[in-house]
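**Student:**
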Amino acid sequence: MSADRALLDEALERGEEEGGNVEFKERLTRAVHLSDGRMESLAAQLRHRVLSGDGVATYVVGVTDDGGIAGIPPDDFSETMDVLSLLAEEAGAHIEDVETWGVGDSAERGLVGVATIREGAMLDVDDDHIVVGTAGHVDHGKSTLVGSLVTGQADNGNGGTRSFLDVQPHEVERGLSADLSYAVYGFSDDGPVHMRNPHRKSDRAQIVQEADRLVSFVDTVGHEPWLRTTIRGLVGQRLDYGLLVVAADDGPTRTTREHLGILLAMELPTVVAITKVDAVSEERAAEVEREVERLLRDVGRTPLSVERHGVDAAVDEISESVVPLFLTSAVTMDGLDDLDRLFESLPKRSAAEGDFKMYIDRTYSVTGVGAVASGTVNSGAVEAGDKLLLGPMSDGEFREVEVRSIEMHYHRVDRANAGRIVGIALKGVRESEIERGMVLLPADSEPTAVREFEADVMVLNHPTRIQEGYEPVVHLETISEAAVFHPDGGRLLPGDTGTTRVEFKFRPYFVEEGQRFVFREGRSKGVGTVTKVD
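Take 1 as the starting number for the sequence shown in the UniProt record's numbering and just add one per residue.
1. Just confirm the distance between the C-beta atoms of Val50 and Glu26, as a whole number of angstroms; I'd bet it's less than 8 Å.
2. Where does Arg516 sit, in a helix, a strand or coil, going by DSSP?
3. Rounded to whole angstroms, how far is the Cβ of Thr478 from the Cβ of Ile318, which I believe are closer than 8 Å?
4. Would you identify the three-state DSSP class for residue 550, choosing helix, strand or coil?
5. Closer than 7 Å by C-beta to Gly55: which residues in its own chain qualify, once you throw out the five before and the five after it? Chain order, please.
6. Just to check my reading of the structure: Ala381 and Val403 have Cβ atoms closer than 8 Å, yes? What is that Cβ distance to the nearest angstrom?
7. Could you compute how far the alpha carbon of Leu111 sits from the alpha carbon of Val60?
8. I believe Gly136 touches Val292 by the beta-carbon criterion, under 8 Å. Please report the beta-carbon distance rounded to the nearest angstrom.
9. Flag this pair as yes or no: are the beta carbons of Leu460 and Val527 separated by less than 8 Å?
10. Residues in the same chain with beta-carbon distance under 7 Å from Tyr364, minus the five sequence neighbours each way, listed in chain order, please.
11. Closer than 8 Å is the cut-off here; do at least three beta carbon pairs connect the segment 507-522 with the segment 474-491?
12. For the alpha helix (DSSP H) that Ala39 lies in, which residues bound it at each end?
13. By a C-beta neighbour count over all protein chains shown, 10 Å radius and 16 as the cutoff for buried, is Glu513 buried or exposed?
14. Among Arg399, Asp190, Ser329 and Arg436, which residue has its Cα nearest to the Cα of Ser281?
15. For the beta strand (DSSP E) that contains Glu400, what are its first and last residues?
16. So, is His170 buried or exposed, given that buried needs 16 or more other C-beta atoms within 10 angstroms?
17. For Gln467, count neighbouring Cβ atoms within 10 angstroms of its own Cβ and tell me buried if that reaches 16, exposed if not.
18. What runs of the beta strand (DSSP E), each 3 residues or longer, lie entirely inside the segment 316-394?
19. Do Met39 and Glu90 count as a contact pair if the criterion is CB distance below 8 Å?
20. Using 10 angstroms around the beta-carbon of Gly222, count the other beta-carbons present and answer buried if the total reaches 16, otherwise exposed.
21. Quick check on Phe77: does DSSP put it in helix, strand or coil?
22. Helix, strand or coil for Gly242? Go by DSSP, reduced to three states.
23. Rank Arg196, Ala273, Gly419 and Val502 by C-alpha distance to the C-alpha of Val450 and give the top, closest one.
24. Enumerate in chain order the residues of its own chain whose CB-to-CB distance from Ser305 is below 6 Å, with the five nearest sequence positions on each side excluded.
25. Decide if Asn417 is buried, meaning its Cβ has at least 16 other Cβ atoms within 10 Å, or exposed.
26. For Asp505, which of Val473, Asp534 and Val457 has the nearest alpha-carbon?
27. At 3 residues or longer, and completely inside the segment 424-501: list those beta strand (DSSP E) runs for me, N to C.
28. Would Arg415 and Ser405 be called neighbours here (beta carbons separated by less than 8 Å)?
29. Which residues mark the beginning and the end of the beta strand (DSSP E) in which His94 is found?
30. Is it the case that the Cβ atoms of Pro74 and Thr367 are separated by a distance below 8 Å?
31. What's the call for Glu23, buried or exposed, on a 16-neighbour Cβ count within 10 Å?
32. Please return the same chain residues whose Cβ sits closer than 8 Å to the Cβ of Asp334, not counting the five positions on each side in sequence.
33. For residue 535, count the other beta carbons within 10 Å of its own beta carbon; 16 or more makes it buried, fewer makes it exposed. Which is it?
34. Could you check where the beta strand (DSSP E) with Ile69 kicks off and where it finishes?
35. Suppose contacts are defined by Cβ-Cβ distances below 8 Å. Is Leu87 in contact with Ala43 by that definition?
36. Is it right to say Pro225 is buried, meaning 16 or more other beta carbons lie within 10 angstroms of its own, or is it exposed?
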């Protein structure tokens with residue numbers, strides 16, 4: 001994590017003024033600073049700093065008492081942050097943000113950090129938080145629409161607001177998303193709570209703090225070569241609703257139909273936004289709306305025009321069988337107020353009950369924190385300090401790890417419930433040992449790694465019959481793995497529903513009965529439900 005050196009310079013310049021809100025610490029250890037009597041004293045000191053700064057204090061770590069830059073080893077820095085977090089909790093505050101950078105020779109590089117501590121406990125977010133997954137053809141305006149929704153800003157006609165989502169330079173340069181992107185906005189009594197500058201992580205964190213209701217977007221990829229990534233976004237995240245985007249200047253395409261099929265296969269209530277209506281005539285927009293309505297009827301769904309029936313009807317009627325249609329433009333902002341009203345009113349779909357479970361979608365390493373596993377909480381809840389099992393590893397074993405901290409859209413929380421998109425910092429494992437498709441479970445559970453399972457499947461599209469030994473890629477939760485099919489009766493024809501044994505080719509995963517999955521190979525695809533695990 002890189003830092004703005006100006007933040008450190010400012011803290012050093014202010015120094016530990018009498019009654020000020022800046023504190024210098026070289027390092028903190030559990031053995032010394034959490035001992036009897038010392039913890040209460042340090043917590044009182046921290047409380048004093050916070051009150052002196054009108055609710056905010058700055059702790060500079062890795063420096064001497066007089067502000068000289070020392071730097072401490074990464075393991076010591078990590079322990080220091082753990083201790084500081086406990087002191088802040090004792091003082092009725094929390095660590096809001098940490099900026100770090102390395103100092104010294106590369107061979108013995110140490111860390112210096114600036115921690116911002118804010119009064120009040122780490123916040124959990126509302127139980128009404130919904131997660132929406134986008135889908136649609138490339139250049140149909142998914143990211144642009146989401147960018148305008150979360151910022152409240154009109155697009156410049158060249159996809160300017162989409163840059164608020166894509167994080168890779170090559171994505172911004174080419175104007176094409178190549179991986180999943182995430183965005184968030186919210187609602188309070190005064191209406192939508194937008195991000196002023198989504199490129200600043202503090203603005204995203206502020207949304208989580210200020211909004212009474214949150215809407216998170218998982219923005220998928222529209223380019224056909226990255227269909228696997230799109231499936232990962234729609235299958236691997238615990239979504240409440242789907243948002244299918246169709247451009248008015250292009251209309252439904254083969255990719256539109258494919259993405260719609262995935263949304264319906266996952267039994268996800270879906271909204272269709274017809275975008276770019278500013279770029280076409282009213283007659284063309286109406287023609288595309290009729291094309292979308294025919295497409296929905298062809299797959300057994302009932303379209304509901306919001307222009308004719310209103311937002312309230314869309315909120316009341318949306319389901320797996322009824323699909324609301326909106327006419328929108330990110331340039332003129334037409335239709336975005338209606339989408340705001342919809343997302344503000346849509347109910348949270350029933351959260352999964354039971355013990356904590358989270359399939360890992362991404363991993364990364366944060367300086368001074370360590371390995372972070374990111375994903376959507378499938379069920380239950382997790383808190384900082386919890387002991388968990390991570391796995392299965394390639395040998396089928398699970399490893400015990402500890403939750404160091406939890407972040408949601410760059411906002412630190414002390415607890416995460418089902419449906420939250422979070423990053424969980426883990427103690428006891430290196431980032432290189434964590435893989436997409438692994439799962440986090442309670443430490444007292446007894447999970448079994450699964451190499452093969454039985455499933456009921458439906459073949460949606462295949463040029464010939466599926467025979468013994470068929471090898472598609474199976475997408476189940478965040479798992480994307482080559483598998484071998486052994487169908488009952490030796491074959492399955494297009495349109496057939498049947499039973500098959502599915503065997504992962506390269507490694508085991510955690511699979512449970514009742515989970516739905518998508519399988520594909522080339523243009524062929526189908527859906528299935530796990531019925532028995534071995």
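Beta carbons are placed, not taken as given, at the ideal position from N, Cα and C, and that holds for glycine.
**Tutor:** Looking at the atomic coordinates:
1. The count along the sequence shown starts at 1 and reaches residue 50 at position 50. The count along the sequence shown starts at 1 and reaches residue 26 at position 26. Contact between Val50 and Glu26 is absent: CB atoms are separated by about 21 Å, not below the 8 Å threshold.
2. Position 516 of the sequence shown, counted from the start, is the residue given in the question as residue 516. Note: Arg516 maps to strand in three-state DSSP.
3. The count along the sequence shown starts at 1 and reaches residue 478 at position 478. The count along the sequence shown starts at 1 and reaches residue 318 at position 318. Their Cβ separation, rounded to whole angstroms, is 26 Å, which puts Thr478 and Ile318 out of contact at 8 Å.
4. Nothing in the structure corresponds to residue 550, since the chain is present only between 1 and 534.
5. Indexing the sequence shown from 1 puts residue 55 at position 55. Closer than 7 Å at the Cβ level, and outside the excluded window around Gly55, lie Arg118 and Glu119.
6. The residue given as residue 381 occupies position 381 in the sequence shown. The residue given as residue 403 occupies position 403 in the sequence shown. Your pair Ala381 and Val403 does not check out as a contact, with CB atoms roughly 11 Å apart and the cut at 8 Å.
7. Position 111 of the sequence shown, counted from the start, is the residue given in the question as residue 111. Position 60 of the sequence shown, counted from the start, is the residue given in the question as residue 60. Going from the Cα of Leu111 to the Cα of Val60 covers about 11 Å.
8. To locate residue 136, count along the sequence shown from 1; it is residue 136. To locate residue 292, count along the sequence shown from 1; it is residue 292. So it is not a contact: roughly 11 Å between Cβ atoms.
9. Position 460 of the sequence shown, counting from 1, holds the residue named residue 460. Position 527 of the sequence shown, counting from 1, holds the residue named residue 527. For the pair Leu460 and Val527, the CB atoms are nearer than the 8 Å cut-off.
10. Position 364 of the sequence shown holds residue 364. If we look at Tyr364 and ignore the five residues flanking it on each side, its Cβ neighbours are Val372 and Glu431.
11. Yes: the two stretches touch, three or more of their Cβ pairs being nearer than 8 Å.
12. Locating residue 39 in the sequence shown gives position 39, counting from the first residue. Here the sequence assigns Met to residue 39, which means Ala is not the residue at that position. Note, Met39: alpha helix (DSSP H), Arg38 to Ser52.
13. On the sequence shown, position 513 is the one that residue 513 refers to. Counting the other Cβ atoms within 10 Å of the Cβ of Glu513 gives fewer than 16, which makes it exposed.
14. Translated into positions along the sequence shown, residue 281 becomes position 281. Nearest C-alpha to Ser281: Ser329.
15. What you label residue 400 is simply residue 400 of the sequence shown in a count that begins at 1. Arg399 to Met408 is the extent of the beta strand (DSSP E) around Glu400.
16. Taking the first residue of the sequence shown as position 1, residue 170 is located at position 170. With a pLDDT of 33 at His170, under the threshold of 50, the modelled position of this residue cannot be trusted; read the value that follows with caution. Taking all protein chains in view, the Cβ of His170 is surrounded by fewer than 16 other Cβ atoms within 10 Å, so the residue is classified as exposed.
17. The residue labelled residue 467 in the question sits at position 467 within the sequence shown. Under this definition Gln467 is an exposed residue.
18. Within the segment 316-394, the complete beta strand (DSSP E) runs of at least 3 residues are 322-327, 357-359, 362-366, 370-379, 381-383 and 387-391.
19. As a working mapping, residue 90 is identified with position 90 in the sequence shown. As a working mapping, residue 39 is identified with position 39 in the sequence shown. Met39 sits close to Glu90, with the two beta carbons spaced by under 8 Å.
20. On the sequence shown, residue 222 is found 222 positions in, with the first residue counted as 1. Low confidence applies to Gly222: its pLDDT is 45, below 50, so where it sits in the model is not reliable, and the reading given next is rough at best. Around the beta carbon of Gly222, a 10 Å sphere encloses 16 or more other beta carbons of the protein chains shown; the residue is thus reported as buried.
21. On the sequence shown, residue 77 is found 77 positions in, with the first residue counted as 1. Phe77 falls in the helix class under three-state DSSP.
22. Here residue 242 refers to the residue found at position 242 of the sequence shown. The DSSP-derived three-state label of Gly242 is strand.
23. Start at 1 with the first residue of the sequence shown, and residue 450 comes out as number 450. Here the closest residue by C-alpha is Val502.
24. For the purposes of this step, residue 305 is taken as the residue at position 305 of the sequence shown. Closer than 6 Å at Cβ, skipping near neighbours: Leu325.
25. Stepping through the sequence shown from its first residue, residue 417 is reached at position 417. Residue environment: Asn417 is assigned as buried (16 or more neighbouring CB atoms within 10 Å of its CB, all protein chains considered).
26. Looking up residue 505 in the sequence shown gives position 505. According to the sequence displayed, residue 505 carries Lys and not Asp. Of the listed residues, the one whose Cα sits closest to Lys505 is Val473.
27. You should have 439-442, 452-461, 473-476 and 479-487.
28. Counting from one through the sequence shown, the residue named residue 415 turns up at place 415. Counting from one through the sequence shown, the residue named residue 405 turns up at place 405. Going by C-beta atoms, Arg415 is not nearer than 8 Å to Ser405.
29. Residue numbering aside, residue 94 sits at position 94 when the sequence shown is read from its first letter. Run containing His94: Ala93 to Val103, per the beta strand (DSSP E) assignment.
30. Translated into the one-based positions of the sequence shown, residue 74 becomes position 74. Translated into the one-based positions of the sequence shown, residue 367 becomes position 367. Against a cut-off of 8 Å, the Cβ pair of Thr367 and Pro74 comes out as a contact.
31. What you label residue 23 is simply residue 23 of the sequence shown in a count that begins at 1. With 16 or more other Cβ atoms inside 10 Å of its own Cβ, Glu23 counts as buried.
32. Along the sequence shown, one-based indexing puts residue 334 at 334. So the qualifying residues of the chain are Val277, Asp278, Leu327 and Thr328.
33. Here the chain has residues from 1 to 534 only, and residue 535 is not among them.
34. Start at 1 with the first residue of the sequence shown, and residue 69 comes out as number 69. Looking at the DSSP string, Ile69 is not in any beta strand (DSSP E), and its letter there is neither H nor E.
35. The residue given as residue 87 occupies position 87 in the sequence shown. The residue given as residue 43 occupies position 43 in the sequence shown. Taking a C-beta distance under 8 Å as the contact criterion, Leu87 and Ala43 qualify as a contact pair.
36. In the sequence shown, the residue the question calls residue 225 occupies position 225. At Pro225, the pLDDT of 45 sits below 50, so the modelled position is not reliable and the matter cannot be decided from this model.
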